[in-house]
Amino acid sequence: MNEIISRFASDVMGCCVFGLQFNTLTEPESEFRRIGEKIVLPNLKALIVSHLRVFSPKLVALLKLTETSPEVLDFFSNLLRQMEDFRKKESFRRNDLMQLILDIRDRDREKAQCNDNDDEDTSIIDDDALLSNIYMFYLAGFESTASTLGFCLYELSLHPEYQERLREEICTLLESNDNIASYEVLKKMKYAEMVIKETLRKYPALGYISRVCTMPYQVPKSSLQLTPGERITIPVLGLHYDEKYYPNPDTFDPERFTPENISARPRFTYLPFGVGPRMCIAVRFAKMELKLCLARIISKYEFRPCSKTEIPLQIHPRTFIMNSKNGIQLQVRLRPVPIA
Numbered sequence: 584m585n586e587i588i589s590r591f592a593s594d595v596m597g598c599c600v601f602g603l604q605f606n607t608l609t610e611p612e613s614e615f616r617r618i619g620e621k622i623v624l625p626n627l628k629a630l631i632v633s634h635l636r637v638f639s640p641k642l643v644a645l646l647k648l649t650e651t652s653p654e655v656l657d658f659f660s661n662l663l664r665q666m667e668d669f670r671k672k673e674s675f676r677r678n679d680l681m682q683l684i685l686d687i688r689d690r691d692r693e694k695a696q697c698n699d700n701d702d703e704d705t706s707i708i709d710d711d712a713l714l715s716n717i718y719m720f721y722l723a724g725f726e727s728t729a730s731t732l733g734f735c736l737y738e739l740s741l742h743p744e745y746q747e748r749l750r751e752e753i754c755t756l757l758e759s760n761d762n763i764a765s766y767e768v769l770k771k772m773k774y775a776e777m778v779i780k781e782t783l784r785k786y787p788a789l790g791y792i793s794r795v796c797t798m799p800y801q802v803p804k805s806s807l808q809l810t811p812g813e814r815i816t817i818p819v820l821g822l823h824y825d826e827k828y829y830p831n832p833d834t835f836d837p838e839r840f841t842p843e844n845i846s847a848r849p850r851f852t853y854l855p856f857g858v859g860p861r862m863c864i865a866v867r868f869a870k871m872e873l874k875l876c877l878a879r880i881i882s883k884y885e886f887r888p889c890s891k892t893e894i895p896l897q898i899h900p901r902t903f904i905m906n907s908k909n910g911i912q913l914q915v916r917l918r919p920v921p922i923a
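The sequence shown begins at 584 in this note's numbering and counts up one residue at a time.
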């Protein structure tokens, strides 16, 4: 399942971010897919740098260390440069993320010129910021979406009652809209949202969130004093598996995310995408992508465990984004077309 889902997510990101058709579903050896794998596959250097960044950020900055390989950065940098040059030369526009960011940058440059500030580029989005935003959006929308979808199908295969309830909701809403999964229809899929939220509780893309303190803060009901510059690590996985907030945390239960149950829990006990201004840049896109994919897959196919399905599932200890250690293998059946 992992390989097929990753190819699908790669094609979606190529289209929505860059406006390009990479066709990795039919051409798995494409350069775009190879680079995507290089980003997310276990990497000892990336693991060391990410931990070093937590405990000694000054050393990481001094040595100019990065989790991303030069090959990956060069690929995206060259791709962005080529796409930007092509769009300017051909006066080509497309409704994608890259065009949105380019428009914002051009608008800011025009404002700077109107303010007679030609000597200094005051654009909030320079080339490095453009590359950074595109890269982070790709990373968030590609591998995290692919791994979440895999975990979701795995849990649904083990709980056919949840799968059937989800299918009923999807089919009912699609039939009412000529089988078109429009934005309005996807918004109405409340049970699908509960299933996705429970999947992200049990399998958050990142097991922890790291932030830097920006102002003095006294932690309530303790003697702990935080000072500016200190790095803080929030254990997302620990919160999501805390029995105080989620009884029987190892059990997959979408009912945890009914409006009533959500309001009964303290805020910030559910952090799959982080929170605040530094939360995941692609959160809304990822949720909509997951809903759309579930709508199309669950309406047409049934998923069941097979002899090769790993129960319980082992998590890979060295991947940046949470992923299964040995892959996810399920039995997939095409649903019979109902006779009118």
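Even glycine gets a Cβ: it sits at the ideal position worked out from N, Cα and C.
Residue(s) in a DSSP beta bridge with residue i
i: Y884; result: L917
i: I633; result: The displayed chain sequence assigns Ser, not Ile, to residue 633. Bridge partners of S633: none, in fact.
i: Y800; result: L809
i: R794; result: I815
i: S907; result: I898
Closest residue to residue i among the options (Cα-Cα distance)
i: V643; options: Y721, L630 and I763; result: L630
i: I838; options: F720, E744 and F591; result: Going by the sequence as given, residue 838 is Glu instead of Ile. The shortest Cα separation from E838 among F720, E744 and F591 belongs to E744.
i: A712; options: L757, I687, F669 and F886; result: I687
i: S730; options: R879, K870 and Q914; result: K870
i: F840; options: T649, R784 and K804; result: R784
i: L680; options: Y721, C697 and F734; result: Y721
i: L789; options: P919, I779 and G857; result: G857
i: I881; options: P803, L896, T797 and A775; result: A775
i: V778; options: D594, S639, K628 and G733; result: G733
i: C735; options: L917, R901 and K874; result: K874
Where the alpha helix (DSSP H) containing residue i begins and where it ends
i: R670; result: P653 to E673
i: M845; result: Looking at the sequence itself, residue 845 is Ile, so the reference to Met does not match. Per DSSP, I845 belongs to the alpha helix (DSSP H) from P842 to A847.
i: I588; result: N585 to M596
i: A676; result: First, the amino acid is wrong: residue 676 is Arg here, not Ala. It is not in any alpha helix (DSSP H) - R676 carries neither H nor E in the DSSP assignment.
i: L642; result: P640 to L646
Cα-Cα separation between residue i and residue j, rounded to whole angstroms
i: V795; j: G859; result: 13 Å
i: L603; j: I904; result: 25 Å
i: E738; j: L822; result: 20 Å
i: R636; j: D709; result: 25 Å
i: S633; j: Y718; result: 17 Å
i: S660; j: F725; result: 18 Å
i: V866; j: N760; result: 26 Å
i: P799; j: G812; result: 10 Å
i: N929; j: H899; result: Because the chain here runs from 584 to 923, residue 929 falls outside it and cannot be looked at.
i: N831; j: E610; result: 43 Å
i: A923; j: R677; result: Legend: pLDDT at A923 = 45, less than 50; position of this residue unreliable, value from coordinates given subsequently. One C-alpha to the other measures close to 41 Å.
i: F675; j: D657; result: 24 Å
i: K773; j: M596; result: 25 Å
i: A695; j: L685; result: 15 Å
i: R616; j: D594; result: 9 Å
i: C599; j: L646; result: 35 Å
Chain C contact for residue i (CB, 8 Å cutoff)
i: S890; result: Checking the listed chains, one finds no chain C in this structure; it contains a single protein chain.
Where the beta strand (DSSP E) through residue i begins and ends
i: R814; result: R814 to I817
> Which runs of the alpha helix (DSSP H) fall wholly inside the segment 738 to 791 and span at least 4 residues, in chain order?
Replying inline: Restricted to the segment 738 to 791, the alpha helix (DSSP H) segments that are unbroken, complete and at least 4 residues in length are 743 to 758, 766 to 770 and 773 to 785, listed in chain order.
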